[in-house]
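For reference, the structure is listed below as structure tokens.
Residue numbers (the working numbering), protein chains in the order written: chain A, 2 to 237; chain B, -14 to 302.
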């Protein structure tokens, strides 16, 4: 889909005419998610075995049925009823979706999980790993047949905080690119270290009407002005 | 419009949506589609006006969540599974009759050949399985061991039920999944199971254990053997889509085939659960005479065949 060959961004156009974007999850994070699921399932199986061991032959029969369900339907049920996330996937913040980015439903979930048997071939998911590495969307065989994808699902971000600076109108005309850069600089004030902010702002010290020690504050003021805050209203 | 004003103007509706989407069970109301369209519009505007990446990310995430909610493939029909059992499954099987026929041949032909060979050559079974397994198989159906005729306890019946579920449905799933290797995996499992079952039957017949073996297998065999064959057929359908995708890309052909093939697998699972019940609780019972078992077996086979050929011919939709 993407025109840039080496990109994990995946885009689909919806009927509303806008592009939905999602970041594809690669093999490493998926292997980790699988490992977490495997550990969880092993723990549940061990507990079941110990408990049902005391229930004699009926207990062992029940154990076999439950271990069958856990082996084949654990991922299916979680993917259908928990928004595409098994506990392992949830921990790694990834999720399974259909390739139009709609939530996965029964048939594709079943197909992709039954075909684990094929992805497992010849041993420990080597086939699936090769398949993921060859495709552009990190799909294993089960994903190809089901038309499913694994994407990152990040938790909602906290609302942005802006630096507390008086808005300042820029004294020069700024191109659109410049404006975007200055705004990004302002909004990322929490992520950049003080020294790095200083370093970046000093690049512009020749064109700013202030000393290099005030360059950061000045630039952030411009950023806030560009975002539309003119300072005329002090409270929302 | 500057981003600051834009955000202030729509902040409330975004927050409202975020709260509503946070709870997956909450009903979003009749205005939700309209809100979603407005959100799409706002998101497109924000991108076009080059607002900050943070805002665009937030709107994109909101659009994605709303899209998920709006376009979730939900089935409102509670009786869907019943419709599937009565109409859908036999129809899907008949629609894919050529794959089913292939699977039957791939299973039955090796079974017949191996059965006849093992019947006429009593040593041949050892080329198929280790001596220990042969001894176990013989002990299982040895009429002499059954003279005591004691009924197996019900708790060990349930143990066997669990075993049949885990083992047989697992085999069925693997037979299906193997189909993605251009059908080769399904062919392998069908032939392999055919050889084993045929070989075992031929060997036991040659030993004269017919009175214990056939009454045991005939009942659940109607569901078990057919279900394994059907999942093989589903696997062959996957493989064939890759070999001859027609006008589609291979990936798309595979997906189309997969959608339909998985319906056959649903049906096969149902049949295997029935088979496990029969095998654990009926086939092993010693209350019944062999004649009763043959009679019931014949009835079950007739039922399965009639179901396969005739069920769902009338319009059920």
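Where a beta carbon is used, it is the ideal one built from N, C-alpha and C, also for glycine.
Using a beta-carbon distance below 8 Å, is residue i in contact with chain A?
{"i": "residue 239/B", "result": "yes"}
{"i": "residue 8/B", "result": "no"}
{"i": "residue 162/B", "result": "yes"}
{"i": "residue 82/B", "result": "no"}
{"i": "residue 213/B", "result": "no"}
{"i": "residue 231/B", "result": "no"}
{"i": "residue -12/B", "result": "yes"}
{"i": "residue 25/B", "result": "yes"}
{"i": "residue 134/B", "result": "Interpretation of residue 134/B is limited by its pLDDT of 43, a score under 50 that renders its predicted location unreliable; the figure taken from the coordinates is listed afterwards. So, not an interface residue."}
{"i": "residue 18/B", "result": "no"}
{"i": "residue 202/B", "result": "no"}
{"i": "residue 178/B", "result": "no"}
{"i": "residue 65/B", "result": "no"}
{"i": "residue 269/B", "result": "no"}
{"i": "residue 159/B", "result": "yes"}
Considering only the alpha carbon of each residue, which of the options lies closest to residue i?
{"i": "residue 104/A", "options": "55/B, 34/B, 240/B", "result": "55/B"}
{"i": "residue 20/B", "options": "51/B, 33/B, -10/B, 267/B", "result": "51/B"}
{"i": "residue 179/A", "options": "132/A, 194/A, 205/A", "result": "205/A"}
{"i": "residue 202/B", "options": "30/B, 265/B, 76/B, 97/B", "result": "265/B"}
{"i": "residue 57/B", "options": "28/A, 102/A, 186/A, 175/A", "result": "102/A"}
{"i": "residue 24/A", "options": "109/A, 141/A, 10/A", "result": "10/A"}
{"i": "residue 145/B", "options": "-2/B, 40/B, 263/B", "result": "263/B"}
{"i": "residue 47/A", "options": "58/A, 57/A, 64/A", "result": "64/A"}
{"i": "residue 76/A", "options": "128/A, 143/A, 138/A", "result": "143/A"}
{"i": "residue 224/B", "options": "184/B, 172/B, 3/B", "result": "172/B"}
{"i": "residue 111/A", "options": "240/B, 258/B, 167/B, 199/B", "result": "240/B"}
{"i": "residue 108/A", "options": "292/B, 293/B, 243/B", "result": "243/B"}
{"i": "residue 91/B", "options": "70/B, 168/B, 74/B", "result": "168/B"}
{"i": "residue 250/A", "options": "40/B, 278/B, 277/B", "result": "As displayed, chain A neither begins before 2 nor continues past 237, which places residue 250/A out of reach and without an answer."}
On the three-state DSSP scale, how would you describe residue i?
{"i": "residue 127/B", "result": "coil"}
{"i": "residue 27/B", "result": "helix"}
{"i": "residue 37/A", "result": "helix"}
{"i": "residue 116/B", "result": "helix"}
{"i": "residue 18/B", "result": "helix"}
{"i": "residue 104/A", "result": "strand"}
{"i": "residue 193/B", "result": "coil"}
{"i": "residue 179/B", "result": "helix"}
{"i": "residue 216/A", "result": "helix"}
{"i": "residue 32/A", "result": "helix"}
{"i": "residue 156/B", "result": "helix"}
{"i": "residue 106/B", "result": "coil"}
{"i": "residue 12/B", "result": "coil"}
{"i": "residue 210/A", "result": "coil"}
{"i": "residue 231/B", "result": "coil"}
{"i": "residue 269/B", "result": "coil"}
{"i": "residue 39/B", "result": "helix"}
{"i": "residue 86/B", "result": "helix"}
{"i": "residue 56/A", "result": "coil"}
{"i": "residue 43/A", "result": "helix"}
{"i": "residue 229/A", "result": "coil"}
{"i": "residue 256/B", "result": "helix"}
{"i": "residue 87/A", "result": "coil"}
Could one say the Cβ of residue i lies closer than 8 Å to chain B's Cβ atoms, at least one of them?
{"i": "residue 17/A", "result": "yes"}
{"i": "residue 87/A", "result": "no"}
{"i": "residue 74/A", "result": "no"}
{"i": "residue 112/A", "result": "yes"}
{"i": "residue 129/A", "result": "no"}
{"i": "residue 66/A", "result": "yes"}
{"i": "residue 144/A", "result": "no"}
{"i": "residue 165/A", "result": "no"}
{"i": "residue 203/A", "result": "no"}
{"i": "residue 176/A", "result": "no"}
Considering only DSSP beta bridges, list what residue i is partnered with.
{"i": "residue 13/A", "result": "21/A"}
{"i": "residue 96/A", "result": "152/A"}
Cutting at 8 Å between CB atoms, please list the residues of its own chain near residue i, excluding the five before and the five after it.
{"i": "residue 133/B", "result": "A caution first: residue 133/B carries a pLDDT of 43, below 50, which makes its placement in the model too unreliable to give a value."}
{"i": "residue 37/B", "result": "-12"}
{"i": "residue 231/A", "result": "168"}
{"i": "residue 33/A", "result": "89, 93"}
{"i": "residue 28/A", "result": "130, 133, 134, 139"}
What does a CB cutoff of less than 7 Å around residue i pick up in its chain, not counting 5 residues either side in sequence?
{"i": "residue 35/A", "result": "89"}
{"i": "residue 289/B", "result": "207, 208, 211"}
{"i": "residue 261/B", "result": "146, 149, 150, 153"}
{"i": "residue 15/A", "result": "21"}
{"i": "residue 30/A", "result": "93, 95"}
Check whether the Cβ of residue i sits closer than 7 Å to any heavy atom of the ligand MG, and report yes or no.
{"i": "residue 158/B", "result": "Among the components modelled here there is no ligand, and therefore nothing to report on the ligand MG."}
CB-CB under 6 Å to residue i, same chain, minus the five flanking residues each way: which ones, in chain order?
{"i": "residue 102/B", "result": "109"}
{"i": "residue 135/B", "result": "In this prediction, residue 135/B scores a pLDDT of 46, lower than 50, which makes its location untrustworthy; the coordinate-derived value is nonetheless stated afterwards. Within the same chain, residue 135/B has no close Cβ partners at all."}
Can you find a C-beta in chain D that's less than 8 Å from the C-beta of residue i?
{"i": "residue 247/B", "result": "The chain labelled as chain D is not found among the protein chains of the depicted structure, namely A and B."}
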